[in-house]
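Participant: Going left to right, the sequence shown walks through residues 618 to 792 as my numbering numbers them.
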Amino acid sequence: MEDKIEVLISEKEIQEKVAEIAEQIKKDYEGKTIFAVCVLKGGVVFLSDIVRKLYPLDVNLNFMKTSSYKSGTVSSGSMQIHLDLDQDIKDKDVIIFEDIIDSGNTLSILRKMLLRREPKSLKICTFLSKPSRREVEIPVDYVCFEIPDKFVVGYGLDYAEKYRNLPYLGYVCTE
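1) Does S746 come out as helix, strand or coil in the three-state DSSP assignment?
2) Can you name, in chain order, every residue of its own chain whose Cβ lies under 6 Å from the Cβ of I741, other than the five neighbours on each side?
3) Distance, Cα to Cα, P765 vs K634?
4) Within its chain, find whatever has a CB closer than 7 Å to the CB of L664; leave out the 5 residues flanking it on each side and keep chain order.
5) Which residue comes first and which comes last in the beta strand (DSSP E) that contains I666?
6) Since I believe L625 is in contact with L786 (beta carbons under 8 Å), could you give me their beta-carbon distance rounded to a whole number of angstroms?
7) Between the C-alpha atoms of P784 and P736, what's the straight-line distance to the nearest angstrom?
8) When the distance is taken between beta carbons, is V789 closer than 9 Å to F768?
9) So is N782 buried or exposed if we call it buried at 16+ other beta carbons inside 10 Å?
10) By DSSP, does V635 sit in helix, in strand, or in coil?
11) From what residue to what residue does the beta strand (DSSP E) around L625 run?
12) Assuming L783 is part of the beta strand (DSSP E), what are its boundary residues?
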């Protein structure tokens, strides 16, 4: 059975907002090198679009893959790292690029872990934020879109590994 997907944010709206956020980052980091940390898998589409718009800034790309241990629907507050950075971030200007901030639990743990590695600065840039689901408040420096509490897919976000390649953000209709 095929899932019914409704458009929440169009491809054009996404590209306009990504360009706007990239311009702000370029102003904030003028003359600096950004150490971009992409949280896989969902963040890779967002990162690949925004990083091209950051030119002529120097951008160093790196990737992390994490998961939370969960019991039912509650996060235990622990995190497993499946892929860690392959470079030291000490004294570097780091931006974490995330696809979506929901509860904030995993990103909060990741942020604390990276801060212990003593970067010069650490900021967070997210494609999506669901403030209604937030359990842990974390400082987010760049947000493309705040969205309602819907199960979203597309533009890197998946449902059972499907729909990541949609050029827009949609939500799965339950009706």
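Cβ coordinates follow ideal geometry from the N, Cα and C atoms, glycine included.
Facilitator: Taking the definition as stated:
1) Mapped onto the sequence shown, residue 746 falls at position 129. Residue state, collapsed to three classes: strand.
2) Taking the first residue of the sequence shown as position 1, residue 741 is located at position 124. The residues are I713, V757 and D758.
3) Looking up residue 765 in the sequence shown gives position 148. Looking up residue 634 in the sequence shown gives position 17. Distance between the alpha carbons of P765 and K634 is about 18 Å.
4) Start at 1 with the first residue of the sequence shown, and residue 664 comes out as number 47. Closer than 7 Å at Cβ, skipping near neighbours: A653, C655 and F714.
5) What you label residue 666 is simply residue 49 of the sequence shown in a count that begins at 1. The question names Ile, yet the displayed sequence has Asp at residue 666. No beta strand (DSSP E) holds D666; the alpha helix (DSSP H) holding it covers G660 to K670.
6) Numbered from 1 along the sequence shown, position 169 holds the residue referred to as residue 786. Numbered from 1 along the sequence shown, position 8 holds the residue referred to as residue 625. Confirmed, Cβ separation roughly 5 Å.
7) Looking up residue 784 in the sequence shown gives position 167. Looking up residue 736 in the sequence shown gives position 119. Roughly 33 Å separates the two Cα atoms.
8) Position 151 of the sequence shown, counted from the first residue, corresponds to residue 768. Position 172 of the sequence shown, counted from the first residue, corresponds to residue 789. For F768 and V789, yes; Cβs fall inside 9 Å.
9) Residue numbering aside, residue 782 sits at position 165 when the sequence shown is read from its first letter. Exposed, because fewer than 16 other Cβ atoms sit within 10 Å of the Cβ of N782.
10) Translated into the one-based positions of the sequence shown, residue 635 becomes position 18. Helix.
11) As a working note, residue 625 is residue 8 in the sequence shown. That run of the beta strand (DSSP E) goes I622 to I626.
12) As a working mapping, residue 783 is identified with position 166 in the sequence shown. No beta strand (DSSP E) contains L783, which DSSP labels as neither H nor E.
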